[in-house]
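S.K.:
Residue numbers (UniProt numbering): 1 to 521.
And the structure:
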């Protein structure tokens with residue numbers, strides 16, 4: 001990985017401090033003592049900036065001292081900012097200009113490395129230079145958080161083997177996990193941020209547990225994007241919310257629970273990420289017993305490592321490996337696909353389902369379309385659930401634009417509705433009743449289906465039938481789901497389920513069950 005890319009992330013603490021400092025009012029008048037202190041801080045900043053620029057030159061020339069010099073310069077800048085916030089009359093305009101120059105220097109350095117035209121991955125240096133407060137938040141992904149995570153884990157052969165697996169057989173899963181996470185980030189990341197946990201840790205767990213698929217349920221009963229068992233989830237506020245929905249499937253709720261769970265484990269297990277992950281996968285009781293018996297030794301200590309099951313010994317380095325790749329994509333030749341995940345509300349103008357929306361929205365701006373994103377953003381609804389007009393879905397600004405263009409009217413909208421409402425049974429054509437043909441001379445029975453000519457009475461034009469009365473109930477046939485019934489009678493699935501006491505999100509019905517057709521057209 002080019003060092004210039006890492007350095008752009010290392011400016012995050014500086015940017016965050018500047019964003020705060022820029023809100024401070026300027027002092028109207030300064031004493032000589034205060035003015036001297038301010039001048040000294042400005043001189044220190046200028047000196048640090050010069051050292052940083054020199055470090056960039058060394059880095060471009062592959063001088064290993066460049067990285068060390070840049071880190072030292074950045075640390076001095078952070079000290080200056082800390083002192084500035086406490087010093088009366090310290091103005092941030094000069095410091096802010098210096099910071100912008102550093103961002104521009106990083107953008108130019110990244111551009112010189114990127115001559116092959118490859119996507120720069122998770123961070124766009126030139127985009128950072130446009131808006132310092134937003135830059136500070138974006139850069140924090142690879143710096144304050146990332147560097148802290150890197151210092152808290154061991155980059156050893158087991159982690160390297162995990163990286164190898166993610167980059168070979170599991171590369172598709174990693175890329176899919178990143179795509180899914182981008183849509184859910186605004187729901188999940190704030191929970192870890194408030195808890196003071198690295199975002200890379202969240203991504204690593206999610207990638208290993210579910211690949212970012214919200215509705216995943218394991219054979220053991222773990223559910224949701226972060227795979228909580230029922231009892232553990234209940235301890236941390238997850239479970240039935242009273243409407244029949246299990247909040248283990250909710251990205252926001254499950255990430256908040258995971259952050260609380262991990263902080264509890266870190267507090268018990270010497271702030272060891274490896275041991276906390278071992279507890280997440282192999283059980284907190286087991287991890288605590290092993291930790292106490294070993295005297296708090298590291299997860300990689302043989303006496304500790306061998307006491308965990310094989311699944312946990314595989315799980316820990318795989319999570320760390322995914323987190324490592326999340327922080328250092330370019331070093332390993334990863335070009336994570338960027339998606340337009342700006343959140344927006346999509347209000348249905350006509351009855352629809354996620355399946356129908358997936359078809360009419362198309363795949364513009366994506367590799368695989370929008371079904372997974374819509375499902376992840378709206379975990380309360382099954383993909384085939386019939387949603388009434390006026391229902392509001394979590395979506396993105398791009399999805400809303402595509403919906404207004406393609407899903408309200410026109411050939412694609414009509415095609416999507418036709419495909420979703422297609423009934424396999426209607427494809428089976430009966431040409432006539434079964435009749436028995438006399439047996440042949442060799443005794444073989446010839447039972448075949450033949451077309452029987454209609455009788456004169458039958459061929460007469462029938463009288464126009466009266467319009468059937470609207471049914472008030474319906475008996476479920478074998479193989480039908482509640483959604484099938486809702487589509488057949490143009491019902492709102494949720495209202496139909498409520499009228500019949502059927503709980504979400506599975507909406508289970510049995511053959512022969514009589515349903516009240518409440519809210520159907």
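For glycine and all other residues, C-beta sits at the position ideal for the given N, C-alpha and C.
(1) Between the C-alpha atoms of residue 87 and residue 38, what's the straight-line distance to the nearest angstrom?
(2) Answer yes if the stretch 377-384 comes into contact with the stretch 312-326, meaning at least three C-beta pairs across the two stretches below 8 Å, and no otherwise.
(3) Which residue comes first and which comes last in the alpha helix (DSSP H) that contains residue 322?
(4) Quick check: the Cα distance between residue 243 and residue 504, rounded to an integer number of angstroms?
(5) Using beta-carbon positions only, say whether residue 386 and residue 483 come within less than 8 Å of one another.
(6) Does the structure place the stretch 247-258 close enough to the stretch 225-235 that three or more beta carbon pairs sit under 8 Å?
(7) Across the stretch 332-342 and the stretch 207-216, are there enough close Cβ pairs to call them in contact, namely three or more that are closer than 8 Å?
(8) How is residue 220 classed by DSSP in three states: helix, strand or coil?
(9) In angstroms, rounded to a whole number, what distance separates the CA positions of residue 274 and residue 153?
(10) By how many angstroms is the C-alpha of residue 217 removed from the C-alpha of residue 511?
(11) State the beta-bridge partners of residue 155 as determined by DSSP.
(12) Please state whether DSSP places residue 391 in a helix, a strand or coil.
(13) Which whole-angstrom value describes the C-beta separation of residue 392 and residue 341, a residue pair presumed to lie in contact below a C-beta threshold of 8 Å?
(14) I need the DSSP call for residue 243, collapsed to helix, strand or coil.
(15) Whole angstroms is fine: what's the gap from residue 267's alpha carbon to residue 189's?
(16) Which residue comes first and which comes last in the beta strand (DSSP E) that contains residue 346?
(17) Measure the C-alpha to C-alpha separation of residue 402 and residue 361 and round it to an integer number of angstroms.
(18) When the distance is taken between beta carbons, is residue 367 closer than 8 Å to residue 354?
(19) If we ignore side chains and look at the alpha-carbon of each, how far apart do residue 30 and residue 73 end up?
(20) From the DSSP output, read off the bridge partner residues of residue 520.
(21) Label residue 477 either buried or exposed according to how many other C-beta atoms from any shown protein chain fall within 10 Å of its C-beta, with 16 as the threshold for buried.
(22) Please state if the CB of residue 388 and the CB of residue 351 are separated by a distance shorter than 8 Å.
(23) Can you give the Cα-Cα distance for residue 525 and residue 343, rounded to whole angstroms?
(24) What residues in its chain sit with their C-beta under 8 Å from that of residue 148, if we drop five residues either side in the sequence?
(25) Checking 8 Å against the spacing of the C-beta atoms, do residue 223 and residue 249 come in under that value?
(26) Residue range of the beta strand (DSSP E) that residue 473 falls in?
(27) With distances taken Cα to Cα, identify the nearest neighbour of residue 167 among 318, 426, 36 and 297.
(28) Counting C-beta neighbours from all protein chains within 10 Å, is the total for residue 194 16 or more, i.e. buried, or is it exposed?
(29) Could you tell me the alpha carbon to alpha carbon distance between residue 508 and residue 239, rounded to whole angstroms?
(30) In terms of residues, what are the limits of the alpha helix (DSSP H) holding residue 361?
(31) Give me the residue from 284, 48, 373 and 76 with the minimum Cα distance to residue 179.
(32) Tell me the rounded alpha-carbon separation between residue 204 and residue 321.
(33) Rounded to the nearest angstrom, what separates residue 272 and residue 300 at their Cα positions?
(34) In this structure, how does DSSP classify residue 262 when only helix, strand and coil are distinguished?
(35) Let me know if residue 247 comes out buried or exposed under the rule of 16 or more other beta-carbons within 10 Å of its beta-carbon.
(36) Helix, strand or coil, according to DSSP, for residue 385 in the structure here?
M.R.: Walking through what the data contain:
(1) So the alpha carbons of these two residues sit roughly 7 Å apart.
(2) no
(3) 310-327
(4) The alpha-carbon atoms of residue 243 and residue 504 are separated by roughly 7 Å.
(5) yes
(6) Yes, they touch.
(7) no
(8) coil
(9) 7 Å
(10) 25 Å
(11) Partner(s): none; residue 155 has no beta bridge.
(12) coil
(13) Not confirmed; about 18 Å, so no contact.
(14) coil
(15) 21 Å
(16) 343-347
(17) The alpha-carbon atoms of residue 402 and residue 361 are separated by roughly 6 Å.
(18) no
(19) C-alpha separation (whole angstroms): 28 Å.
(20) Bridge partners of residue 520: 491.
(21) Exposed: under 16 other Cβ atoms inside 10 Å.
(22) yes
(23) This structure gives no information on residue 525, because the portion of the chain shown stretches from 1 to 521.
(24) 198
(25) yes
(26) Residue 473 -> beta strand (DSSP E) spans 473-475.
(27) 318
(28) exposed
(29) 18 Å
(30) Element bounds for residue 361: 354-361.
(31) 373
(32) 7 Å
(33) 11 Å
(34) helix
(35) buried
(36) coil
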